[in-house]
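S.K.: Just so we're aligned: the sequence shown equals residues 1 to 363 in the UniProt record's numbering.
Sharing a structure, written as structure tokens. Questions coming.
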Amino acid sequence: MPEVRKPDHCSHFDKHYIHTRTHTHTHTHSLSLMCTSTLQISKWMAQIQQDYSDVVNIVDYGFSYEHRTISLLKIGLNTGERKKAVWMDCGIHAREWIAPAFCQYFVRQILQTYKTDPKMEEMMKNMDFYVTPVLNVDGYMYSWKDNNTRLWRKNRSPGPSNCDCLGTDLNRNFDANWGTIGVSTDCCSNIYCGSKPVSEPEAQAVTEFVGSRKDDFLCFLTIHSYGQLLLVPYGHPNFTAPNYDELMKVGLAAADAIREVHGKNYTVGTSPDVLYPNSGSSRDWARFQGIPFSYTFELRDNGTFGFELPEDQIQPTCEEAYRGALHIITYAHDKTFNSAVAATAATLWTMLLALGVTGTTLM
């Protein structure tokens with residue numbers, strides 16, 4: 001395994017961030033994509049909140065097993081009304097370093113474009129974006145410790161009393177056909193599903209935060225690597241999402257959008273169809289909660305570098321994934337709000353007809 005080299009993208013954060021704010025967007029994202037500690041990520045989040053205080057708030061919504069704070073950025077224009085929402089989390093698996101980099105890229109992109117892009121401004125008015133840069137904060141920190149921990153996947157909670165191994169696979173711990181397929185009850189396994197559904201504090205944090213607002217969320221996007229996949233619910237082969245056809249249609253269009261950026265092909269389908277069956281994923285849990293557009297992104301690559309993606313692939317990976325995520329989010333937004341406008345117009349016209357008002361009398 002190659003030596004673990006921690007890039008210094010966040011080590012001189014203020015200088016780098018000032019640089020990114022004063023150059024064109026084509027050079028924006030190469031310097032501070034990957035923060036390598038929770039302290040650096042927290043500092044980056046605080047800087048984002050300070051620089052975009054009119055639209056960004058930091059929300060602490062849970063604690064990890066090792067008592068680190070789990071935080072997200074809530075991004076949206078304040079309308080004074082209850083809004084629809086988009087969820088995105090990165091870093092649920094510790095070794096998937098490209099995922100937190102993408103969350104940071106996504107945040108900067110939407111913040112840098114909403115004042116000049118009417119569509120993004122419209123979406124920021126109608127929806128709030130909830131973005132968790134690193135969900136598995138303990139595991140992520142541990143993966144940076146040394147060469148022997150680089151490929152750590154799980155969180156850092158202790159196993160059962162008779163087990164000397166640490167960690168539960170958080171993406172097998174959600175209450176979605178928990179423990180039925182594609183998991184292990186061996187606490188030393190990388191796919192150990194935990195002692196019961198939502199046994200882990202990190203899974204509890206997401207479940208409580210999203211679950212209490214489930215009617216508001218239109219999209220639930222969870223970012224992983226690797227494999228270049230867009231996975232739709234469900235991971236269990238005996239279950240089919242009620243809007244499976246629509247999920248596939250939107251996913252395939254998102255894959256087309258991804259391909260247009262750097263020519264990379266993403267495969268779209270359920271996990272049993274294109275990867276392997278599994279249960280207890282956050283994606284499946286979100287769809288069971290009624291959130292209509294729930295996807296897992298598996299970012300680059302196809303296995304050449306795997307989890308150890310070279311630095312020169314960070315930015316292109318983020319650029320293409322952004323286009324795919326934006327397509328899904330835009331589709332969900334337009335379906336909700338364009339349909340609402342059409343329904344209002346239809347209701348108004350029905351009322352006018354009932355009152356005997358015609359085109360002639362309106363003139």
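We put the CB at the ideal spot given by N, CA and C, even for glycine.
1) Taking Trp87 as part of the beta strand (DSSP E), name the residues at either end of that continuous run.
2) Assign Arg82 to buried or exposed, taking buried as 16 or more other Cβ atoms, counted over all protein chains shown, within 10 Å of its Cβ.
3) Let me know the secondary structure DSSP gives Ser225 once reduced to three states.
4) His50: buried (16+ other C-beta within 10 angstroms of its C-beta) or exposed?
5) Out of curiosity, what's the CA-to-CA distance linking Leu73 and Val86?
6) Is it buried or exposed, Tyr276, if we count other Cβ atoms within 10 angstroms and call 16 or more buried?
7) Taking Cβ to Cβ, would you say Ile98 is nearer than 9 Å to Tyr226?
8) Note down, in chain order, each residue of its chain lying with its Cβ closer than 6 Å to the Cβ of Pro272, except the 5 sequence neighbours on either side.
9) How many Å lie between Pro100 and Ile110 at the Cα?
10) Just checking: is the beta-carbon of Thr267 within a distance shorter than 9 Å of some beta-carbon in chain D?
11) Let me know the secondary structure DSSP gives Pro237 once reduced to three states.
12) Can you give me the Cβ contacts of Val261 inside the same chain, cut-off strictly under 7 Å, excluding the 5 residues immediately before and after it?
13) Expressed to the nearest angstrom, what Euclidean distance is found between the alpha-carbon atoms of residue 367 and Cys219?
14) What's the C-alpha gap between Leu299 and Cys163?
15) Return helix, strand or coil for Phe106, following the three-state DSSP convention.
16) What is the DSSP secondary structure of His19, counted as helix, strand or coil?
M.R.: Judging by the given coordinates:
1) Where Trp87 is concerned, the enclosing beta strand (DSSP E) stretches over Lys84 to Cys90.
2) Exposed, because fewer than 16 other Cβ atoms sit within 10 Å of the Cβ of Arg82.
3) Three-state result, Ser225: strand.
4) Looking at the sequence provided, one finds Gln at residue 50 rather than His. By the neighbour-count rule (16 or more Cβ atoms within 10 Å), Gln50 is not buried but exposed.
5) Roughly 12 Å separates the two Cα atoms.
6) Classification for Tyr276: exposed.
7) One thing to note: Ile98 has its Cβ within 9 Å of the Cβ of Tyr226.
8) Result list for Pro272: Pro237, in chain order.
9) About 16 Å.
10) Protein chain content of the structure displayed is limited to a single chain, and chain D is not contained in it.
11) Here DSSP, grouped into helix, strand and coil, assigns Pro237 to coil.
12) Within the same chain, and ignoring the five residues on either side of Val261 in sequence, the residues whose Cβ sits closer than 7 Å to its Cβ are Glu319, Glu320 and Arg323.
13) The shown model of the chain, from 1 to 363, leaves out residue 367, and the question about it has no answer.
14) Cα to Cα, the separation comes out at about 33 Å.
15) Three-state result, Phe106: helix.
16) Only weak support exists for where His19 lies, its pLDDT of 34 falling under 50; the value from the coordinates is given anyway. Per DSSP, reduced to three states, the secondary structure at His19 is helical.
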